[in-house]
Amino acid sequence: MRTQDILSTHPNPSDQLDQIVALVNSAFACEQCCTSCADACLDEDGDMDLRRCIRTNLDCADICATTGRALSRQTQPNMQLLRAQLEACRVACDACADECEKHADMHDHCRVCMECCRECSKACQSLLDAMPQGATA
1 MRTQDILSTH
11 PNPSDQLDQI
21 VALVNSAFAC
31 EQCCTSCADA
41 CLDEDGDMDL
51 RRCIRTNLDC
61 ADICATTGRA
71 LSRQTQPNMQ
81 LLRAQLEACR
91 VACDACADEC
101 EKHADMHDHC
111 RVCMECCREC
121 SKACQSLLDA
131 MPQGATA
């Protein structure tokens, strides 16, 4: 994948490059899933119960996009900020997955989005677990 290609060319690549690449790819895929799910929810005739799902989709999409962009920058990261961003992304993905799960039996787009969000949440946790504790740079 191109993410691996570009991030591995950095003169000082992260020790967690594999987890970073996995999360960048997962975050951008989740952004796309959430955006598409919100759009599909808007077109579901008369289903007012989807308003919260749409809101949660759009929040998650924005947070995933920011996470992917922040992780793509490897020079002198602020580890405290990255940890907070990863945690926010994990929480947003879990919330979106939980909301989409409520509608997954009736709407395939919600089922697919739920799966994307769960994958991204796991990738966030994997990178959080791999990050050195107490590092500030």
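Per the working numbering, the very first residue in the sequence shown carries number 1; after that it's consecutive.
No residue lacks a Cβ here, since even glycine has one placed at the ideal position from N, Cα and C.
- Close CB contacts of Leu82 within its chain, under the 7 Å cut and outside five residues either way in sequence, are with Ala70 (chain order).
- Comparing alpha carbon positions, the residue from Gln19, Ser14, Ile6 and Cys30 closest to Thr66 is Cys30.
- In the structure shown, the three-state DSSP call for Glu99 is helix.
- For Ser26 and Pro13, the gap between their C-alpha atoms comes out near 19 Å.
- The beta carbon of Gln4 lies closer than 6 Å to those of Val21 in the same chain, with the five residues before and after it left out.
- Counting of Cβ neighbours within 10 angstroms places Glu87 among the exposed residues, the total staying below 16.
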